[in-house]
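For the sequence shown, position 32 (counting from the first letter as 1) is numbered 32 according to my numbering, and the numbering increases by one without interruption.
Even for Gly, the Cβ is constructed at its ideal location relative to N, Cα and C.
Okay, structure first, notes after.
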Amino acid sequence: MDDAVAVQLHANGVAEVTLNRPSSLNALSPELIEALTVTVRQLDVSDAARVLLLCGAGKHFCAGANIKAMLDMSVAEAVRAGFTGCCHALAQVEKPVVAAVQGYAVGGGCELVEMCDVVIAASTAVFGHPEITLGTMPGAGGSQRLPRAIGKHKALDMLLTGRTLDAQEAERAGLVSRLCPPDGLRDEALAVAGRIASYSLPVLKLVKASAYATFNTPLEHGLPLERASFHRTLSFADAREGMEAFRDKRTAHFRDC
Numbered sequence: 001m002d003d004a005v006a007v008q009l010h011a012n013g014v015a016e017v018t019l020n021r022p023s024s025l026n027a028l029s030p031e032l033i034e035a036l037t038v039t040v041r042q043l044d045v046s047d048a049a050r051v052l053l054l055c056g057a058g059k060h061f062c063a064g065a066n067i068k069a070m071l072d073m074s075v076a077e078a079v080r081a082g083f084t085g086c087c088h089a090l091a092q093v094e095k096p097v098v099a100a101v102q103g104y105a106v107g108g109g110c111e112l113v114e115m116c117d118v119v120i121a122a123s124t125a126v127f128g129h130p131e132i133t134l135g136t137m138p139g140a141g142g143s144q145r146l147p148r149a150i151g152k153h154k155a156l157d158m159l160l161t162g163r164t165l166d167a168q169e170a171e172r173a174g175l176v177s178r179l180c181p182p183d184g185l186r187d188e189a190l191a192v193a194g195r196i197a198s199y200s201l202p203v204l205k206l207v208k209a210s211a212y213a214t215f216n217t218p219l220e221h222g223l224p225l226e227r228a229s230f231h232r233t234l235s236f237a238d239a240r241e242g243m244e245a246f247r248d249k250r251t252a253h254f255r256d257c
């Protein structure tokens, strides 16, 4: 895997994926996007990884797209390559993805956050979509996922003015799951990811798929999908193990089956 992305596999199945260009605030260079794309796709099918934890090296999570690289790209090149300025493959990961956010998460960095499932943020984190100030707009889902996460009016306030949200406002708006002190961010994020990783992976995938179905289908179609997935879990050995462990007042030992 490319040096632009560092991976640490923990014994509990948490794959810690770090954007590793701190000197450029982890800006999304073409090299970093490609490395992250390859990394998340490999981890999504790896037996060793159960949950992905996305972090940024240094003081910031991700300062967005590499503007210099975009200046040298023609419209034809962007269309031909399906260029988004971000790693849209992250949104296709079936396993749970936790983000640990410190410092800036703006532009493509904010889009990465929006693609994650659980967002743990330092109390000093900053979120924003400044694309409008550059005469452009999000290209990897920012105008689609942000309104779904925080509502139309708050999202359009950000998208149309370029203003940022501090961590506290982002949590109140629903963009952030939990806040913690900056010096405790990694430990908190690892703990959350570790707790998720302790559960049955097939069920985790079904829960994630069912939750996201609400954004892609009308409610009357999403409810039967959820019910069918729930019924599937009742055939799992992990479901019997979990319920028996509850009955017997012991810790469940899931086997992913």
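Practice problem: Work out the CA separation of residue 24 and residue 234 for me, nearest whole Å. | Solution: 48 Å
Quiz item: Leaving out five residues before and five after residue 213 in sequence, what residues of the same chain have Cβ atoms less than 6 Å from its Cβ?
Solution: 222 and 225
Quiz item: Within this structure, are the beta carbons of residue 176 and residue 189 separated by less than 8 Å?
Solution: It is not a contact, given that the beta carbons lie outside the stated cut-off.
Self-check item: Contact the segment 101–113 vs the segment 37–44: 3+ CB pairs below 8 Å
Solution: no
Exercise. Assuming residue 99 and residue 54 form a contact by the criterion Cβ under 8 Å, report the distance between their Cβ atoms to the nearest whole angstrom.
Key: Contact holds; Cβ gap of about 5 Å.
Exercise. Take residue 73 and list the residues in its own chain whose beta-carbon comes closer than 8 Å to its own, dropping the five residues that flank it on each side.
Key: 83
Quiz item: Three-state secondary structure (DSSP) at residue 199?
Solution: coil
Exercise. Report the three-state DSSP secondary structure of residue 53 (helix, strand or coil).
Key: strand
Self-check item: Buried/exposed call for residue 251, threshold 16 Cβ in 10 Å
Solution: Looking at its Cβ environment, which holds fewer than 16 other Cβ atoms inside 10 Å, residue 251 is exposed.
Quiz item: Quick one: what does DSSP say residue 180 is sitting in, helix, strand or coil?
Solution: strand
Quiz prompt | Three-way DSSP call (helix, strand, coil) for residue 44 in this model | solution = Note: residue 44 maps to helix in three-state DSSP.
Quiz item: For residue 62, which three-state DSSP category applies?
Solution: strand
Quiz item: Nearest CA to the CA of residue 216: which residue from 32, 89 and 144?
Solution: 144
Exercise. Could you check which residue in 96, 85, 90 and 91 has the C-alpha nearest to that of residue 129?
Key: 85
Exercise. Determine the contact status of residue 244 and residue 253, defining contact as a CB-CB distance below 8 Å.
Key: no
Self-check item: Span separating the alpha-carbon of residue 146 from that of residue 159
Solution: Roughly 9 Å separates the two Cα atoms.
Quiz prompt | Span of the alpha helix (DSSP H), counted from its first residue to its last, around residue 136 | solution = DSSP places residue 136 outside any alpha helix (DSSP H), giving it a letter other than H or E.
Self-check item: CB contact flag (residue 192, residue 118, <8 Å)
Solution: yes
Self-check item: Counted within 10 angstroms of its Cβ, other Cβ atoms place residue 111 as buried (16 or more) or exposed
Solution: buried
Quiz prompt | Endpoints, the beta strand (DSSP E) within which residue 128 is located | solution = Residue range 126–128 is occupied by the beta strand (DSSP E) that includes residue 128.
Quiz item: What's the gap between the Cα of residue 228 and the Cα of residue 206?
Solution: Residue 228 and residue 206: Cα-Cα distance of roughly 10 Å.
Self-check item: For residue 247 and residue 258, the rounded distance between their alpha carbons
Solution: Shown here, the chain extends from 1 to 257; a query on residue 258 therefore has no answer.
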